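Take the position in the sequence shown, starting the count at 1, then add 15; the result is the number in our numbering. Okay, structure first, notes after.
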Amino acid sequence: MFTAKNRQGDYFTATQANISHLKAKTDPFFCPACGEELILKCGDIKLPHFAHKRGTRCRFSSEGETKKHLLGKKELSRWLLYQGFEVQLESFLQTINRQADLLVNGKYAVEFQCSTVPPSQLLERTNDYLSKKLIPIWLLGQDIVKNKFSYAFSNFQLCFIRKSEELGYYLLFFQPEKRRIECIHHLAHAGSKYFFGERLVLPLAISIKEMQLKIKAVKGHRRKRYQPHREIERERLCYYYAKYKSRSHFMQELYHAGFSLYHLPLQVGVQLDKQFLVHTAPVEWQFSLWIHFFDRLEVGEHFAYRAIAERFRACVVPLKVLTFQDYEAEELLKEYLLYLEEKEILVEISSCNYRLKRKMKWRQHSQIFS
Ligand SMILES: [Zn+2]
Numbered sequence: 016m017f018t019a020k021n022r023q024g025d026y027f028t029a030t031q032a033n034i035s036h037l038k039a040k041t042d043p044f045f046c047p048a049c050g051e052e053l054i055l056k057c058g059d060i061k062l063p064h065f066a067h068k069r070g071t072r073c074r075f076s077s078e079g080e081t082k083k084h085l086l087g088k089k090e091l092s093r094w095l096l097y098q099g100f101e102v103q104l105e106s107f108l109q110t111i112n113r114q115a116d117l118l119v120n121g122k123y124a125v126e127f128q129c130s131t132v133p134p135s136q137l138l139e140r141t142n143d144y145l146s147k148k149l150i151p152i153w154l155l156g157q158d159i160v161k162n163k164f165s166y167a168f169s170n171f172q173l174c175f176i177r178k179s180e181e182l183g184y185y186l187l188f189f190q191p192e193k194r195r196i197e198c199i200h201h202l203a204h205a206g207s208k209y210f211f212g213e214r215l216v217l218p219l220a221i222s223i224k225e226m227q228l229k230i231k232a233v234k235g236h237r238r239k240r241y242q243p244h245r246e247i248e249r250e251r252l253c254y255y256y257a258k259y260k261s262r263s264h265f266m267q268e269l270y271h272a273g274f275s276l277y278h279l280p281l282q283v284g285v286q287l288d289k290q291f292l293v294h295t296a297p298v299e300w301q302f303s304l305w306i307h308f309f310d311r312l313e314v315g316e317h318f319a320y321r322a323i324a325e326r327f328r329a330c331v332v333p334l335k336v337l338t339f340q341d342y343e344a345e346e347l348l349k350e351y352l353l354y355l356e357e358k359e360i361l362v363e364i365s366s367c368n369y370r371l372k373r374k375m376k377w378r379q380h381s382q383i384f385s
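Written as structure tokens, this is what we have:
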């Protein structure tokens with residue numbers, strides 16, 4: 016940590032510039048959270064900072080704090096201070112017993128998250144801030160894993176997905192060593208942990224206002240989604256389920272209902288851009304919608320969005336994201352309804368009212384051996 020107080024309650028922030036001044040002081044420094052005495056440290060590797068004594072029980076002890084985390088807090092606070100923001104580094108909030116990495120204008124709690132922790136901890140922290148009318152802003156401090164065509168994100172990283180009109184679904188990564196924020200935007204799920212996305216680099220050499228202008232300019236820059244061949248996609252799905260999921264609840268249900276994965280209509284099991292919003296596999300929730308909803312309708316019959324949304328909610332487990340409500344998952348249902356409209360299965364006749372145009376067809380047997 017960078018902040019400590021003396022016996023009189025005055026606060027001190029350790030910086031490269033004042034380190035010798037602080038070292039010359041004979042009064043001890045104390046932790047603003049637990050009151051324990053602190054040691055001033057300045058090595059060659061880490062930035063000057065305060066540390067608890069070994070074996071401390073203080074939960075804000077920074078002994079586990081990495082160089083990256085320390086540097087990140089410092090770079091961010093410097094960048095915000097230059098722009099005239101009021102910044103409190105490591106602000107200890109007594110009433111909720113939390114320490115915000117940065118408190119900006121007394122209103123925003125900025126957290127630079129480098130380590131992977133259980134998502135429930137992030138949610139608790141978020142709710143604590145909200146209860147104090149503080150707006151949490153999370154920046155990820157982890158590496159971005161990029162493959163040839165896609166990015167790979169962990170479940171932990173997905174907790175930080177945000178959404179805006181200009182950027183669609185996006186993730187922010189702060190890289191203090193490079194003094195920049197990387198934004199991966201217009202995320203589209205490619206299946207499992209893989210995503211397609213566009214990259215926008217926001218260097219700390221520019222102000223927040225300039226960043227906002229860069230973000231505004233992104234609009235319309237989105238790439239068209241690569242559409243896999245549906246027949247091939249189904250072959251892969253059959254192979255995958257036979258190999259890894261043959262004993263799953265879903266395969267049992269399918270078997271008992273007298274169906275085989277191979278023969279399900281091709282509009283069941285579609286990988287959509289927003290699939291990441293739920294944990295439930297595409298073929299599983301789409302099968303449930305088909306068997307319990309679409310297949311029970313006659314051609315020409317009308318149905319309300321409300322009715323299908325209710326069915327959808329019953330068959331998916333939504334992804335927990337810090338900034339989303341659970342109903343965000345319905346964006347995936349809307350995408351699926353648009354897809355079915357494109358395939359002329361249904362048509363939206365008025366706002367939130369649909370008509371079934373045709374039934375989804377069973378797939379015929381493979382002709383390869385004939
Ligand atoms: Zn402490």
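Just so you know, even glycine gets a beta-carbon here, dropped at the ideal spot from N, CA and C. Quick caveat, the model's predicted, so the values are computed rather than measured.
Exercise. By the 10 Å Cβ neighbour count, where 16 or more other Cβ atoms means buried, how is S385 classified, buried or exposed?
Worked result: Low confidence applies here, because S385 scores a pLDDT of 46, under 50, leaving its location unreliable; read the following figure in that light. That one is exposed.
Problem set entry | Endpoints, the beta strand (DSSP E) within which I54 is located | E52 to K56
For this session: Return the first residue and the last residue of the beta strand (DSSP E) that F188 is part of.
Result: Residues G183 to Q190.
For this session: Select from D42, A32, Q31 and K38 the residue whose C-alpha is nearest the C-alpha of G24.
Result: D42
For this session: For the alpha helix (DSSP H) containing K61, list its first residue and its last residue.
Result: Careful: K61 lies outside any alpha helix (DSSP H) and carries neither H nor E.
Exercise. Can the beta-carbon of A48 be found less than 8 Å from the beta-carbon of Q114?
Worked result: The answer is yes: Cβ separation under 8 Å.
Exercise. Hey, is F75 close to ligand 1, as in C-beta under 7 Å from one of its heavy atoms?
Worked result: yes
Exercise. Going by the beta-carbon positions, is the gap between L138 and K335 smaller than 8 Å?
Worked result: It is a contact, given that the beta carbons lie within the stated cut-off.
For this session: Can you tell me which of C57, L104, L91 and V132 puts its alpha carbon nearest to the alpha carbon of K20?
Result: L104
Problem set entry | Simplified DSSP assignment, three categories, for S146 | If DSSP states are grouped into helix, strand and coil, S146 belongs with the helices.
Problem set entry | Inter-residue spacing [alpha-carbon to alpha-carbon] between N120 and A29 | 21 Å
Problem set entry | DSSP beta-bridge partners of N368 | A319 and S365
Exercise. Who are the near neighbours of Q172 in its chain, counting only those whose CB is closer than 7 Å to its CB and skipping five residues on each side?
Worked result: L155, Q157 and L186
For this session: Between the Cα of Y97 and those of I223, S366, A322 and L269, spot the shortest distance and give me the residue it belongs to.
Result: I223
For this session: State the CB to CB distance for the pair F27 and F44, rounded to an integer number of angstroms; the pair is presumed to be in contact (CB under 8 Å).
Result: Their Cβ separation, rounded to whole angstroms, is 7 Å, which keeps F27 and F44 in contact under 8 Å.
Problem set entry | Minimum C-alpha distance to E126 - residue among S146, K89, I159 and Q109 | K89
For this session: State whether the region 193 to 200 contacts the region 214 to 222, with contact taken as three or more CB pairs (one from each stretch) at a distance under 8 Å.
Result: yes
For this session: Could you please give the first and the last residue of the uninterrupted alpha helix (DSSP H) stretch that includes P297?
Result: First-last of the alpha helix (DSSP H) with P297: P297 to H307.
Exercise. Helix, strand or coil: which one does DSSP assign to H244?
Worked result: coil
Exercise. From what residue to what residue does the alpha helix (DSSP H) around K178 run?
Worked result: Taken as a continuous stretch (DSSP letters only), K178 belongs to no alpha helix (DSSP H), being part of the beta strand (DSSP E) at R177 to S179.
For this session: Pick helix, strand or coil for I199, following the three-state DSSP scheme.
Result: strand
Problem set entry | Simplified DSSP assignment, three categories, for S385 | Confidence at S385 is low in this model, with a pLDDT of 46, below 50, so the placement of that residue should be treated as unreliable; the coordinate-derived value is given next. S385 falls in the coil class under three-state DSSP.
Exercise. On the three-state DSSP scale, how would you describe P151?
Worked result: strand
For this session: Use the C-beta contact count for S169: other C-beta atoms within 10 angstroms, 16 or more gives buried, fewer gives exposed.
Result: Looking at its Cβ environment, which holds fewer than 16 other Cβ atoms inside 10 Å, S169 is exposed.
Exercise. What is the residue span of the alpha helix (DSSP H) that K358 lies within?
Worked result: Per DSSP, K358 belongs to no alpha helix (DSSP H) and is neither H nor E.
Problem set entry | Assigned exposure category for V160 - 16 Cβ within 10 Å defines buried | Counting the other CB atoms within 10 Å of its CB gives V160 a total below 16, which places it among the exposed residues.
Problem set entry | D310 - DSSP class collapsed to helix/strand/coil | helix
Problem set entry | Straight-line Cα distance separating K376 from K349 | Straight-line Cα distance between these residues: approximately 21 Å.
For this session: Give the DSSP-derived three-state secondary structure of R373 in the structure shown.
Result: coil
Problem set entry | beta strand (DSSP E) segment containing Y209, residue limits | Y209 to P218
For this session: Could you tell me which of K38, F175, T110 and F302 sits nearest to D143, measuring between CA atoms?
Result: T110
Problem set entry | Supposed close pair I360, Q282 - CB separation, criterion 8 Å | 6 Å
Exercise. Mind checking whether A39 and L53 have CB atoms under 8 Å apart?
Worked result: Against a cut-off of 8 Å, the Cβ pair of L53 and A39 comes out as no contact.
Exercise. DSSP state of A329, grouped into three classes?
Worked result: helix
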